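Please read the structure below before turning to the comments.
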Amino acid sequence: YNNYNTKYHISTLNLTGALTKRLTISGEGNLGIGTTSPQGRLQILKSNLFSDNSSTKTSIDNLLILQSPYVGTDPALYNGTGYKWGIQLWGRNDLPTLDASKAAAIYAVSEDGELGYNRAIGLALHTSPFDGVNVERLRISSKGDVGIGTIDTKGYKLAVAGNMIAESVKVQLKSAWPDYVFKDDYKLTSLQETEKHIKENGHLQGIPSAAEVKAEGIDLGEMNKKLLQKIEELTLYLIQKDHQNELLNKRIEKLEQAAQKK
Numbered sequence: 023y024n025n026y027n028t029k030y031h032i033s034t035l036n037l038t039g040a041l042t043k044r045l046t047i048s049g050e051g052n053l054g055i056g057t058t059s060p061q062g063r064l065q066i067l068k069s070n071l072f073s074d075n076s077s078t079k080t081s082i083d084n085l086l087i088l089q090s091p092y093v094g095t096d097p098a099l100y101n102g103t104g105y106k107w108g109i110q111l112w113g114r115n116d117l118p119t120l121d122a123s124k125a126a127a128i129y130a131v132s133e134d135g136e137l138g139y140n141r142a143i144g145l146a147l148h149t150s151p152f153d154g155v156n157v158e159r160l161r162i163s164s165k166g167d168v169g170i171g172t173i174d175t176k177g178y179k180l181a182v183a184g185n186m187i188a189e190s191v192k193v194q195l196k197s198a199w200p201d202y203v204f205k206d207d208y209k210l211t212s213l214q215e216t217e218k219h220i221k222e223n224g225h226l227q228g229i230p231s232a233a234e235v236k237a238e239g240i241d242l243g244e245m246n247k248k249l250l251q252k253i254e255e256l257t258l259y260l261i262q263k264d265h266q267n268e269l270l271n272k273r274i275e276k277l278e279q280a281a282q283k284k
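Sequential numbering from 23 applies to the sequence shown in the working numbering.
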């Protein structure tokens, strides 16, 4: 019905004759659902968002549901692998008119092509670069894995296709930190054995080769552990050489003293 003061209301009437305002258009053109005083272009207000007093309990009471238009006896038939549906925010082109290719978007994504209603659904975020169509930038899989610039996380919780920068990165290893190198029972490889391994293999023992790194990448935590082990071994080599030099210096001093007495 028409409220001639400042607003338009759409109401419903129940069996007892009670009239309830469901939708309001304010004098400013704001649209309210569940509120008669919308403060923005669209405001949806609902109490008890995370509770339900009905006999069937649910964990979430949906404010907005977006559904694929393919509704029939078996909507899964239209919902193959990679199928997306969701919200697009369109930009303009140089005409200027709205251009669907210039859009930021949030999509639900079907992750399998099997029939049935219990589907694996992920989430995708799209943006549009300058002079380019919208491109998927981020994917959250149905298992909670996150891919940035890639949809294949290789089973990892976070996969990034590209460079990253951070002020701090903390890696907490389950395995022991290599202070065991300084234990009395640690068997330090001799420099002769190390030299032989380098000549035969082209890299330090216990460190992956260039080919292995190219094919498999490196684990930052494990690599730092291995590098520290090599630094500690190098420290032991230097200490050994220092002791040897000290003994040599003493022998040289004795020889010089003996030579002076002659």
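For glycine and all other residues, C-beta sits at the position ideal for the given N, C-alpha and C. These numbers were taken from a predicted model, which means no experiment stands behind them.
Give me the Cα-Cα distance between residue i and residue j, rounded to the nearest whole angstrom.
{"i": "Asp96", "j": "Lys106", "result": "Low per-residue confidence applies at Asp96: pLDDT is 40, beneath 50, and the placement is therefore not dependable, though the value from the model is reported in the following sentence. Straight-line Cα distance between these residues: approximately 17 Å."}
{"i": "Thr28", "j": "Ser59", "result": "11 Å"}
{"i": "Ala281", "j": "Ile274", "result": "10 Å"}
{"i": "Leu226", "j": "Leu210", "result": "14 Å"}
{"i": "Leu269", "j": "Lys218", "result": "27 Å"}
{"i": "Arg141", "j": "Met186", "result": "33 Å"}
{"i": "Ser190", "j": "Leu249", "result": "19 Å"}
{"i": "Leu277", "j": "Tyr259", "result": "27 Å"}
{"i": "Asp251", "j": "Phe152", "result": "First, the amino acid is wrong: residue 251 is Gln here, not Asp. Their backbone Cα atoms lie some 48 Å apart in a straight line."}
{"i": "Leu117", "j": "Lys179", "result": "43 Å"}
{"i": "Glu238", "j": "Ala181", "result": "14 Å"}
{"i": "Ala233", "j": "Tyr208", "result": "29 Å"}
{"i": "Lys247", "j": "His265", "result": "27 Å"}
{"i": "Asp206", "j": "Gln214", "result": "21 Å"}
{"i": "Leu37", "j": "Tyr30", "result": "23 Å"}
{"i": "Leu51", "j": "Lys236", "result": "In the sequence under discussion, the amino acid at residue 51 is Gly, which differs from the Leu named in the question. Answer to the nearest angstrom: the Cα atoms are 60 Å apart."}
{"i": "Ser231", "j": "Leu256", "result": "19 Å"}
{"i": "Ile14", "j": "Ser212", "result": "Given that the chain is displayed from residue 23 to residue 284, the structure contains no residue 14 and the question cannot be resolved."}
Using a Cβ-Cβ cut-off of 6 Å (strictly less than) and excluding sequence neighbours within five positions of residue i, which residues of its own chain qualify?
{"i": "Glu158", "result": "Ala146 and His148"}
{"i": "Ile173", "result": "Arg161"}
Along the chain, where does the beta strand (DSSP E) that runs through residue i open and close?
{"i": "Thr42", "result": "Leu41 to Ile47"}
{"i": "Arg161", "result": "Val157 to Ile162"}
{"i": "Thr216", "result": "First-last for Thr216: Leu213 to Asn223, but that is the alpha helix (DSSP H), not the beta strand (DSSP E)."}
{"i": "Arg114", "result": "Lys106 to Arg114"}
Taking the Cβ atom as the reference point for each residue, do residue i and residue j lie within a distance shorter than 7 Å?
{"i": "Ala130", "j": "Gly108", "result": "yes"}
{"i": "Ser16", "j": "Thr42", "result": "Lying before the first or after the last residue shown, residue 16 is absent from the chain, which here runs from 23 to 284."}
{"i": "Ser150", "j": "Lys124", "result": "yes"}
{"i": "Leu64", "j": "Gly56", "result": "no"}
{"i": "Val203", "j": "Glu254", "result": "yes"}
{"i": "Gly171", "j": "Ala183", "result": "yes"}
{"i": "Thr46", "j": "Gly54", "result": "yes"}
Please list the terminal residues of the continuous alpha helix (DSSP H) segment that includes residue i.
{"i": "Val193", "result": "Taken as a continuous stretch (DSSP letters only), Val193 belongs to no alpha helix (DSSP H), as it is neither H nor E."}
{"i": "Ala12", "result": "Residue 12 lies beyond the range of the chain shown here (23 to 284); nothing can be said about it."}
{"i": "Ile170", "result": "Not the alpha helix (DSSP H): Ile170 falls in the beta strand (DSSP E), residues Val168 to Ile170."}
Checking contacts by CB at 7 Å: is residue i closer than that to chain C?
{"i": "Val193", "result": "The structure shown contains no chain C, having only a single protein chain."}
Below 7 Å CB to CB, which residues in the same chain sit around residue i once its five sequence neighbours on both sides are set aside?
{"i": "Gly144", "result": "Val131, Glu133, Arg161, Ile162, Ser163 and Ser164"}
{"i": "Gly62", "result": "Asn52"}
Between residue i and the ligand HEM, is the CB less than 6 Å from at least one heavy atom?
{"i": "Lys248", "result": "Annotation note on the ligand HEM: not contained in the displayed structure, which lists no ligands."}
Apart from the five residues on each side of it in sequence, which residues of its chain come closer than 8 Å, Cβ to Cβ, to residue i?
{"i": "Ser228", "result": "It should be pointed out that residue 228 corresponds to Gly in this sequence rather than to Ser. So the list reads Lys248, Gln251 and Lys252, once near-sequence residues are dropped."}
Self-check item: the region 193 to 206 touching the region 237 to 245, judged by at least three CB pairs closer than 8 Å
Solution: Counting C-beta pairs with one atom in each stretch, the region 193 to 206 and the region 237 to 245 have three or more that are closer than 8 Å, which means they touch.
Quiz prompt | the region 212 to 223 touching the region 175 to 190, judged by at least three CB pairs closer than 8 Å | solution = No: fewer than three Cβ pairs fall under 8 Å.
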